[in-house]
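A.B. asks: There's a structure below that I have some questions on.
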Amino acid sequence: MQVRTSIFLTMLMVAATLGPIVAPQAIAQNQSNAEIPEIIGDIEDFDVAIHGKPYIMTENETIYSATRLHKMAWADAGYPNLVLPFANNHNGKSTTKACTPMTEGQTLTVPISGGTLSVEVAKSTTNAAYLVESTSTVPSSTINNLASTWTSTIHPTNTQYFGNEPDVDNNCQVQIVIYTIDGPANIGGYFSPGIANSQEAIYVDIDDLTWANTIFAHEFQHLLHNARDPFEYLWVDEGNADMAAYLCFGATNTIIGHANAWAQFPETSVRWWNQSDNGADYGAGFLFMLFLSSKLGGGQAIQSLVADTATGGAGVVNLANNPIPGSPGNIGTTMPDIFANFTIATLLDDSQNPFGLDNIDMYQNCGNSQFCRMQITDSNSNWGSVWQRQGDDLYGWGVRAYKFTGGTGSPLNVMVQASETDFAGRLVYKNIATGTWTAEPLIFNGGVATGLVTDFGNVSDEAYVITWYESLVDDCDYAQANCGWPGGGSSIYPTGTVDVYATLISQPATIRQDGMRMHDRDNDTLDDTMEWILEVNSTAFWETLDIKVQAFNNNTLYDEIDIPIGVGQGNPLNRSVWFTPPWDGDWQLYARLFDQVGNPVENAAVLTLATTTHNMAPVATGSLSSNTSQTWLPIQFNGAGYDIWGLSSDNQTYTHNASPAGYIWDFGDGVQSWLRTPSRAYTSVGEYNSSLRVTDVGGKHSIPQNWSMNITDTIMPTVKISVGGQEVMSEMVLLTTQRVMFEAYMTDDNVPDEYLDFQWDWGDGTSEGGVGYIEAPHDWDNGSANGTIYSLVLTVSDGVFVVNKTLNIIILNRIPRQIYDLPMEVDTLTPLPLPTMFTDDDGTITSWQWIFYEDVNLDGGELTKLSVFDQNGSTDENPTPAWLTPGQKSITIIATDNDGNQTMAILYVTVNNQRPVALFDRPDDGDTNTSYMFQSHSWDPDGENGNLSTIWTISEGNITITNQTSVMHTFTTPGTHVVELIVIDERGLASLPKAYIIEISNPLPIPMMTIYEALYGTTGNPIDVPGEDESNYNWRHTFTDSGDIFVAPGRWLKFNSSGSRDGDSQYEGMDIPLDQNDPQWNGIVEYTWDFGDGSPLVNSPNVWHTYTTPGLYTITLTLRDGFGTGDVNQTTRKVFVASAPEIVTSKLFDDAVYSEGEYLMSGSAIDHDGTIGFDAWWDDNVFVDSDGNGIYDDDHDVAESIVGQLALVFSWDLDDRIDVDSDGDNTNDWV
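The following block contains the structure:
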């Protein structure tokens, strides 16, 4: 493959150098000949032996594809007009692109093999245009049938498995050109890659339309495959072409013939297309592609393979390593493993994954109507002698299979001898109980491999040897240059031969002891190693066995080793095993044989007697950081060693190489250590012999490992004095009594500090020191303003050398020390006692100077704005200044001590502006009708009262009023209200709020009541029943001289509350009852009428009522407002219900009455209402003020009172025999 790839890359580079890739073009209806692309290759050159790829094979004729002719010619020409896979504008058909399909009846000229051709568009569909040779005719029914099959089967199936067409000509159609190619049979169609840059076209012979659908499916696959992987090998491309025909139309005789050809001749290479006569090339590729589709994800998997520009086996491996999620997979990740599972699958076609194909059924026997499994080369079931088969040849990546049955329970032993070294194989056998298959690799060594099936006939009853030649030359087309191989010609694909042998092993392999030798490897006169000599023999051809050797002490296993050995043909082989124990004891060795599949060989075990063997001494391999050093400098001793013990097959490497269990260091100065890596320093000069011995787990010591140590002391101490970790070089300035910790930690010597002698001379007549005296504190009492000098001398001795270091210590007098540095705060006009600012640690302060940068008052006491502020300095230790104005003030303080040293400091004082005071008189509580005036009496203690700004806040309505000394306000809502005043001085400082709480009481509702009698407007008579339309009524007000109502029983009165409202002033003029959402709501939430006659209470603003019983009644109207839970108020009025006059005359005539006589009739009656002592009048129209007094309903529309004797009216019906007014009543004709 490497040779082929480099050739392709060279071709591509040449093509890129010669010119740009041809851009796709649509073929116009009236195009010129110059625009028509040329098909590279001529069918006149078609040679069936070289180019023929049969679509259809019948008894009488074979129909071939000429695609390979055109692709080879295109390759030979250097791949002109090559469109690289997935290049720009060639990414495949899009569902959103605009298409320009051909139209039926359109004529155009198209390229064909060997020239051009005039064609007519016989049919145009969404994805295909059928172009028929202009001089020929194809029945429309045939075209329609072809189009139907293409649309429903060929196009969707092929694109599902091989991807969409690239549509380089932007018509979303594949051109299917139907013309006379060469008459019936021979060439049936082709695809030309040379024009793939400008159009998608496939060609079919008009005389072979019987097989057109198979040709379409086959050539369409070539078109799609070429668009994605134009360099793909034939076995992959043609295998997919056969699979396309199978997927579209099932198992035709041709497809079955191709597959069975390879199944019957599997020695034919799968990966080399050598144009075999029997179609086995097609069958190999077809079955391999079906295998990949079955195991790796169907159409998606094949699409992935086609789209992968890696070719041949490389593309297959890529797909196997990236299968479609959810697919069965498990076919291997290398080409040898994939090929092995493919051959097993075609041999067995079992349901056990991956040993079968899920997309076809394969049978044991081959025939024209069924697929057959890969046929075995030979078989055997008679084990009377050794079975053998020699000289079977096969091509690289061809395969042969051999079947064995008839086992007796003895192991089946097979051997494969190949002529080449790159053979591989599998030993496949079936478990009788479970029916599952096992495939064991045949491991070839020098061209020979052996295999073993145990219990053949008992556990396993059917076995196959499958072997193939994994030649280094793999993927290849025809006789290309890379098909050659060492030893063959440049165009000869690798071949090899294989010999297969099989027999039943009647006698199992044997093992016996052939002697024991003891060795003393550590030369301590004690045997510490056993050499056990074993003899192994086998009657097999050759078998690889394992000797498992185990070491026991007191029946406990401590070690084991597996030693492979190959024996056969009855020739014994000796093998030695060595063992050295971890500790002394009586040790036994046990050996047992295992066959090459891991099963123990029957009766093949031996055991030694218990043999006393001693522990072999460990070996010390320690190291030192150095064997020459100075005293007190540490030396790193690194302990190391090893203890070899256990079993060995070569007496060189043993199963255990353990670290020592213990270490013993002897330093030669009387000191020892049992640490593995001690750090050790010698304290005395001299020569020392140090050694290391290691101990193993068995307690045995190694031979000592020795070193000679040379210890000297040539290092002089380097003295350094430091303070606080910082070295002092020459001098140091301190203050009196300033205590300092002097250190010598930076002193450097090989002798540790704790063993050096340090002597400190302070230069003031005192000293101290001793061994390890590495630090010392000191202070000096006397100093001066210019400094007193003392010499500090540190002397260090390490026992060999004495070195000193001198420092000059300058002691200064201490200046006064500031003891107060906090800022202070005070109000204006307020004396501030100032603190003591300094102290003198080594003397006294003799003078104070305070400097004020703004005139202050130092008198103390209570101050006002009229006090005098004219001082700017003080010599007191604690003056008490006061400032007139606020702000940040600074004070400079200078203190002088008895040595004349001065210290200055600045003290910051924040003088606060005093807040103004807000004042106003507290008002009394009131109600919503109370008018308030609030007057400010505020003042500023350190400013002008007249410059104060005022902010009044009234909680009702959240009202804020500014810069008014007095405000007026009337509260409109009852409840608790707050009035607050804040004043601000001219410096912007606000006072604390001054606020009062005022309780505003809720005024009671104001009830209003009118009571009118309703009369019919037309007759003036009282109404019978109240109606909804009151516009037809007149209203009469009947009232007494005391304002009460006077009415006859049964008369309807209208009780009206108009004018009633909540007493709050905000409801003045409001006249809408109950509806709180109305802007004219009068504030009343409930009306209650009590008529005083025991009738139910009525809750309505206006009501009707009538009284039936004479008497005096009190009417009560109760109102409830909406404040809180509701305050109530009521009003009352009396109603007199009149009683009927009493007729007191009982007899009208004293004598008899005669006709036509004249008689005087008289009667008397009593008005009892008149006896009560009141008068009553009518106002017949309450809307007219007839007396002009401004009150509309108090007019006396009758001259006299309607109550009393004078108000009585007498009416007579003189003849009850006659109905004068014809109303049906003879007794009411009043005169």
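Numbering follows our numbering, in which position 949 of the sequence shown is assigned residue number 949; successive positions increment by one, without gaps. Beta carbons are placed, not taken as given, at the ideal position from N, Cα and C, and that holds for glycine.
1. Measure the C-alpha to C-alpha separation of residue 300 and residue 328 and round it to an integer number of angstroms.
2. Let me check understanding here. Comparing Cα to Cα, which of 696, 892, 930, 703 lies closest to residue 523?
3. Quick one: using the 10 Å Cβ neighbour count with 16 as the cut-off for buried, is residue 937 buried or exposed?
4. By a C-beta neighbour count over all protein chains shown, 10 Å radius and 16 as the cutoff for buried, is residue 1036 buried or exposed?
5. For residue 633, I'd like the list of residues in its chain whose CB is within less than 7 Å of its CB, leaving aside the five on either flank, ordered along the chain.
6. Measuring CA to CA, which of 101, 1091, 1112, 835 is closest to residue 1102?
7. DSSP on residue 858, reduced to helix/strand/coil?
8. Output the distance between the C-alpha atoms of residue 1235 and residue 1050, rounded to the nearest integer angstrom.
9. Tell me which same chain residues have a C-beta within less than 7 Å of the C-beta of residue 493, skipping the five on either side of it?
10. Starting from residue 912 and walking both ways along the beta strand (DSSP E), at which residues does that stretch end?
11. Can you check the region 413 to 448 for any alpha helix (DSSP H) of at least 4 residues that lies completely inside it and give the ranges in chain order?
12. Here's the rule: buried if 16 or more other CB atoms are within 10 angstroms of the residue's CB, otherwise exposed. What is residue 144?
13. Which partner residues of residue 699 appear in the DSSP bridge assignment?
14. Under a three-way DSSP split, which group does residue 207 fall into?
15. Hey, out of 807, 846, 1148, 860, whose CA is closest to residue 831's CA?
16. In its own chain, which residues sit with a C-beta less than 6 Å from the C-beta of residue 990, not counting the 5 before and 5 after it?
17. Out of curiosity, what's the CA-to-CA distance linking residue 32 and residue 229?
18. In terms of DSSP beta bridges, what is residue 553 paired with?
19. List the residues that DSSP assigns as beta-bridge partners of residue 891.
20. Taking the Cβ atom as the reference point for each residue, do residue 514 and residue 535 lie within a distance shorter than 8 Å?
21. I'd like the list of long-range same chain contacts for residue 29, defined as Cβ closer than 7 Å, with 5 residues on each side in sequence excluded.
22. Where does residue 1201 fall in DSSP's three states?
23. Measuring CB to CB, does residue 865 end up less than 8 Å from residue 920?
24. Provide the residue span of the beta strand (DSSP E) that contains residue 935, from first to last.
25. Examine the Cβ distances between the region 729 to 737 and the region 760 to 768 and report whether three or more of them are shorter than 8 Å.
26. Taking only three categories from DSSP, how would you classify residue 758?
27. Got a sec, what are the start and stop residues for the beta strand (DSSP E) residue 919 sits in?
28. What number of angstroms, rounded off, separates the C-alpha of residue 1143 from the C-alpha of residue 1207?
29. Please name the residue or residues paired with residue 476 in a DSSP beta bridge.
30. In whole angstroms, what is the alpha-carbon distance linking residue 236 and residue 289?
31. With a cut-off of 8 Å, do at least 3 Cβ pairs link the region 837 to 857 to the region 866 to 878?
32. Locate the alpha helix (DSSP H) running through residue 1055, then write down its first and last residues.
33. Could you name the residues of the same chain whose beta carbon sits closer than 8 Å to that of residue 371, not counting the 5 residues immediately before and after it, in chain order?
34. Using only the alpha-carbon positions, how far apart do residue 663 and residue 684 sit?
35. In this structure, what does DSSP give as the bridge partners for residue 824?
36. Given a cut-off of 8 Å on the beta-carbon distance, is the pair residue 863 and residue 915 in contact?
C.D. replies: From the atom records:
1. 14 Å
2. 703
3. Result: exposed.
4. buried
5. Listed in chain order, the non-local C-beta contacts of residue 633 below 7 Å within the same chain comprise 681, 750, local neighbours out to five positions each way being set aside.
6. 1091
7. Reduced to three states, the DSSP call for residue 858 is coil.
8. Only positions 1 to 1231 of the chain appear in the structure, and residue 1235 is not among them; the question remains open.
9. 269, 272, 274, 395, 396, 473, 476, 483
10. 902 to 912
11. none
12. Around the beta carbon of residue 144, fewer than 16 other beta carbons lie within 10 angstroms, which makes this residue exposed.
13. BP columns for residue 699 are empty, so no partner.
14. Of the three classes helix, strand and coil, the one that applies to residue 207 here is helix, per DSSP.
15. 860
16. 982, 984
17. Low confidence applies to residue 32: its pLDDT is 42, below 50, so where it sits in the model is not reliable enough to give any reading.
18. 556, 587
19. 852, 907
20. yes
21. Caution applies to residue 29, whose pLDDT of 40 falls short of 50 and renders its modelled position unreliable; the value that the coordinates give is listed next. 106, 108.
22. coil
23. no
24. 931 to 935 is the extent of the beta strand (DSSP E) around residue 935.
25. no
26. strand
27. First-last for residue 919: undefined, no H or E at that position.
28. 14 Å
29. 272
30. 7 Å
31. yes
32. From DSSP, residue 1055 is part of no alpha helix (DSSP H) but of the beta strand (DSSP E) over 1052 to 1056.
33. 251, 256, 259, 260, 263, 360, 361, 362, 363
34. 25 Å
35. 909
36. no
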